[in-house]
Each structure stands twice: as C-alpha cells, then as structure tokens.
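Undergrad:
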Amino acid sequence: MGEIIKGKPVADKIAEELAVEIEVLKGKGISPKLAIVRVGARPDDLAYEKGALTRCKKVGVEAEVHEFSQEITQAEFIAGVKKLNEDKNVHGILVFRPLPSHLDEKELKHVIAAEKDIDCLSPVNEGKLMEGDKTGLAPCTPTAVMEILKHYNVELQGKNVTVIGASMVVGKPAAILLLNENATVTICHIFTKDTAAMACQADVVVVGCGVPRLVKESWIAEGAVVVDVGINVDADGNMCGDVDFDKVVDKVAMITPVPGGVGAVTTSILAKNVVKACKLQNNL
Ligand code: NAD
1 MGEIIKGKPV ADKIAEELAV EIEVLKGKGI SPKLAIVRVG ARPDDLAYEK GALTRCKKVG
61 VEAEVHEFSQ EITQAEFIAG VKKLNEDKNV HGILVFRPLP SHLDEKELKH VIAAEKDIDC
121 LSPVNEGKLM EGDKTGLAPC TPTAVMEILK HYNVELQGKN VTVIGASMVV GKPAAILLLN
181 ENATVTICHI FTKDTAAMAC QADVVVVGCG VPRLVKESWI AEGAVVVDVG INVDADGNMC
241 GDVDFDKVVD KVAMITPVPG GVGAVTTSIL AKNVVKACKL QNNL
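Following full-length UniProt numbering, the residues of the sequence shown are numbered contiguously, the last one being 284.
In structure tokens form, the structure reads like this:
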C-alpha cells in the first residue's frame with residue numbers, strides 16, 4: 001500500500017512558520033488582515049469561510065467577512081470591493097466564486113487591487129504566475145498542491161506530470177506552477193481523447209476535475225504519486241475525491257486522501273498569502 005500523505009502536517013508546519021512571521025509584524029505595529037467578500041450564503045462558501053476564519057484566528061491573521069445580499073447590483077458590488085482596495089488596514093481580499101450570474105466576474109478581475117488579490121484573480125497576478133515571478137500572489141489551491149509535494153520531498157524536475165482538469169482555479173495554475181519547477185506537464189480536460197493514457201505515463205498525477213472517483217487503478221502507473229484536489233459528495237452522501245482511492249492506494253508510492261489532503265492545506269496558504277501581501281504592502 002502506498003503512503004497516504006495527509007495535509008495536516010503540511011498545514012501545521014506552514015501555520016507554525018506563519019505565527020512566527022506574524023509576531024514579528026505585530027512587533028512593528030502591523031497586523032495582517034483578510035477581508036472575505038461573500039455574496040449570498042452558499043453552503044460551500046460558508047464551509048470554506050468557517051475553515052478560513054478558524055485558520056486565520058489560529059495563526060494570528062485578523063479576518064472579517066463582508067456579506068453582500070444576493071440582490072446586490074454590479075455597481076454596488078464593485079464599489080464594495082473598491083472600498084476594501086482603499087482600506088489601509090486590509091491586506092488581502094478573498095471573493096468567493098462563482099458569483100451569482102448577474103454579477104460580472106471579468107470586471108472584478110480588473111478592479112481588485114493586485115497587491116491584495118490573494119487568490120490570483122487579477123491579470124497582474126496571473127501574468128506573474130506565468131512568468132514564475134515570486135512577487136505575485138499565486139492561487140491558494142494549486143499552491144497547496146505544490147506545498148504538499150514539497151513537504152513530502154516529491155522530485156518534480158524532469159518528471160512527467162499529468163494534470164487532469166484545466167480550470168482557472170485548479171488545473172491551469174497547477175500546471176504552470178509544476179512547469180515552473182521544471183516538470184514536463186500534460187494537461188487533460190473534458191475534450192482530451194484518452195486521459196487514462198496521459199495519466200498512465202505520469203510520475204505524478206494531479207487531479208481536479210470534479211468527477212467522483214474518475215481516476216481508476218488502471219490509469220495510474222505503479223509507484224506514481226497522486227494528488228487529489230477533488231471534493232465531491234457521492235451518491236451515498238459521502239465525501240470523496242476525483243480518484244478511486246481504495247483501489248488506487250495499493251498501486252501508488254504516495255496519495256493524498258479526501259478529505260484530509262489538499263483541502264486541509266488550502267486555508268493555510270490563504271493565511272500565508274495574506275501575510276505575503278501584507279509584507280509587500282509594507283515594503284518588507
Ligand atoms: P471546474 O468544473 O471549474 O473544472 C473542471 C475541469 O475538469 C475542467 O477543465 C474540465 O474540462 C475537466 N474535466 C471534467 N470532467 C473531466 C473528465 N471526465 N476528464 C478529464 N477532464 C475533465 O472545477 P474546479 O473548480 O476546477 O474544481 C475541480 C474539483 O476540485 C472539484 O471537485 C472541486 O470541488 C475541487 N476543488 C477543491 C479545492 C480544495 O481546496 N481542495 C478547491 C477548489 C476546487
């Protein structure tokens with residue numbers, strides 16, 4: 001059986017390091033602060049918000065929630081984000097997505113201040129991600145994937161990595177971060193002809209496609225490393241990932257569980273990005 005690589009030790013280590021950094025900042029009279037912007041009250045957003053608030057409190061990042069009504073107009077919404085851009089006490093802004101369909105996310109991308117954009121919505125941060133410019137703010141979930149691979153000493157340089165899923169939240173930025181570590185990256189998506197064959201040739205498989213247990217044992221090479229970003233609820237109401245964990249676990253060298261894998265690290269990265277943004281804004 002492969003090693004089950006859990007997110008908690010990774011999250012705890014990041015939190016420990018952050019707590020020290022935050023103490024130093026507080027000693028200088030600076031208190032990193034996150035503003036969460038939520039429109040309406042989707043259960044997914046509320047669950048993530050709860051985790052984010054708990055994590056921030058634990059490490060010493062201040063956090064406040066700005067809840068906007070589901071009926072908010074585009075102009076009011078944009079004005080609310082601009083107000084946070086201008087608030088000197090706020091260092092990071094997280095906007096829950098997807099937004100209700102009457103709100104235009106494209107305008108938000110160009111409005112959110114790049115230096116406070118801790119989940120990489122702004123084209124400025126997207127560009128820095130592409131360039132491998134570390135002064136940018138990379139998105140939290142793909143960064144959590146990278147932190148897990150680093151923590152468990154998974155070699156990436158020159159390795160074949162297949163990413164299944166190509167969204168702007170998970171797959172695409174994960175592929176770029178992996179490429180920036182000199183991996184040879186294949187990206188699969190819904191129109192890929194033979195995703196199984198692409199996965200089979202990989203030393204590392206990163207999956208974030210939102211299809212419960214899509215990735216089968218036959219898709220994975222013996223001794224590969226598998227990172228499962230998926231968070232799904234199966235027909236029996238159980239949480240599961242995008243990988244058929246029970247079967248795949250016997251074939252791999254390492255695999256992240258769901259729950260308890262990537263999801264457990266994401267909120268630590270969120271707090272880390274707030275601290276990074278805070279330091280950049282204070283020229284530290
Ligand atoms: P999405 O629907 O925006 O994108 C899904 C991607 O997967 C698309 O590129 C699509 O082409 C691809 N895809 C879909 N079915 C496929 C198939 N059969 N074969 C190959 N590719 C296929 O989803 P998302 O927002 O990127 O989320 C993906 C998963 O990651 C979801 O389960 C979501 O809950 C989870 N997620 C987890 C975290 C975390 O912190 N762990 C954060 C965000 C999303």
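Where a beta carbon is used, it is the ideal one built from N, C-alpha and C, also for glycine.
So, at 7 Å on beta carbons, what are the nonlocal neighbours of Ala-271 in its own chain, with the 5 sequence-adjacent residues on each side left out?
TA: The residue given as residue 271 occupies position 271 in the sequence shown. So the qualifying residues of the chain are Leu-18, Arg-55, Cys-56, Val-59, Val-61.
Undergrad: Assuming Val-154 and Val-215 are in contact, meaning their beta carbons sit under 8 Å apart, how far apart are those beta carbons, in whole angstroms?
TA: What you label residue 154 is simply residue 154 of the sequence shown in a count that begins at 1. What you label residue 215 is simply residue 215 of the sequence shown in a count that begins at 1. At roughly 18 Å, the Cβ-Cβ gap does not stay under 8 Å, so Val-154 and Val-215 are not in contact.
Undergrad: Any heavy atom of ligand 1 inside 7 Å of the beta-carbon of Leu-137?
TA: Against the sequence shown, residue 137 aligns to sequence position 137. Result no, Cβ not under 7 Å from ligand 1.
Undergrad: With respect to the beta strand (DSSP E) encompassing Asp-228, which residues constitute its N-terminal and C-terminal limits?
TA: Within the sequence shown, numbered from 1, the residue matching residue 228 stands at position 228. Unbroken beta strand (DSSP E) run through Asp-228: 225 to 228.
Undergrad: Tell me which residue opens and which closes the beta strand (DSSP E) that Asn-153 is part of.
TA: Taking the sequence shown and counting its residues from 1, the one referred to as residue 153 is at position 153. Element bounds for Asn-153: n/a, residue is neither H nor E.
Undergrad: Beta-carbon separation of Gly-230 and Val-207 under 8 Å?
TA: As a working mapping, residue 230 is identified with position 230 in the sequence shown. As a working mapping, residue 207 is identified with position 207 in the sequence shown. Yes.
Undergrad: Pick helix, strand or coil for His-91, following the three-state DSSP scheme.
TA: By one-based count along the sequence shown, residue 91 stands at place 91. The answer is coil: DSSP assigns His-91 none of H, G, I, E or B.
Undergrad: May I ask you to check if the CB of Asp-242 is nearer than 7 Å to at least one heavy atom of ligand 1?
TA: If you number the sequence shown from 1, residue 242 lands on position 242. Answer for Asp-242: yes, Cβ within range of ligand 1.
Undergrad: Measuring only from the beta carbon, is Val-262 closer than 7 Å to any heavy atom that is part of ligand 1?
TA: Your numbering for residue 262 matches position 262 in the sequence shown. Correct: Val-262 has its Cβ closer than 7 Å to ligand 1.
Undergrad: Which ranges does the beta strand (DSSP E) cover as unbroken runs of at least 3 residues, wholly within the segment 143 to 203, from first to last along the chain?
TA: Runs found: 160 to 164, 184 to 188.
Undergrad: Have a look at Pro-212, Ala-175, Ala-174 and flag the residue whose alpha-carbon is nearest the alpha-carbon of Asp-236.
TA: Here residue 236 refers to the residue found at position 236 of the sequence shown. Comparing Cα-Cα distances from Asp-236 to each of Pro-212, Ala-175, Ala-174, the minimum goes to Pro-212.
Undergrad: Just the C-alpha distance for Phe-191 and Leu-179, rounded to the nearest angstrom, thanks.
TA: The count along the sequence shown starts at 1 and reaches residue 191 at position 191. The count along the sequence shown starts at 1 and reaches residue 179 at position 179. If I take the Cα positions, the gap works out to 22 Å.
Undergrad: In chain order, which beta strand (DSSP E) runs of at least 3 residues are fully inside the segment 83 to 136?
TA: As far as the segment 83 to 136 is concerned, its whole beta strand (DSSP E) runs of at least 3 residues are 92 to 95.
Undergrad: Is Ala-166 near ligand 1 - that is, is its Cβ less than 7 Å away from at least one heavy atom of it?
TA: Taking the first residue of the sequence shown as position 1, residue 166 is located at position 166. It does: the Cβ of Ala-166 is within 7 Å (strictly closer) of some heavy atom of ligand 1.
Undergrad: Determine the burial state of Pro-110: buried for a count of at least 16 other Cβ atoms within 10 Å of its Cβ, exposed for fewer.
TA: Counting from 1 along the sequence shown, the entry for residue 110 is found at position 110. The identity of residue 110 in the sequence shown is His, whereas the question assumes Pro. With fewer than 16 other Cβ atoms within 10 Å, it is exposed.
Undergrad: Curious, which full-length beta strand (DSSP E) runs of at least 3 residues does the segment 221 to 277 contain?
TA: DSSP runs (the beta strand (DSSP E)) wholly in the segment 221 to 277: 225 to 228.
Undergrad: Compare the beta carbon distance of Leu-103 and Val-170 with 8 Å and say whether it is the shorter of the two.
TA: Sequence index remark: in the sequence shown, residue 103 carries index 103 (1-based). Sequence index remark: in the sequence shown, residue 170 carries index 170 (1-based). Not in contact: Leu-103 and Val-170 (Cβ atoms no closer than 8 Å).
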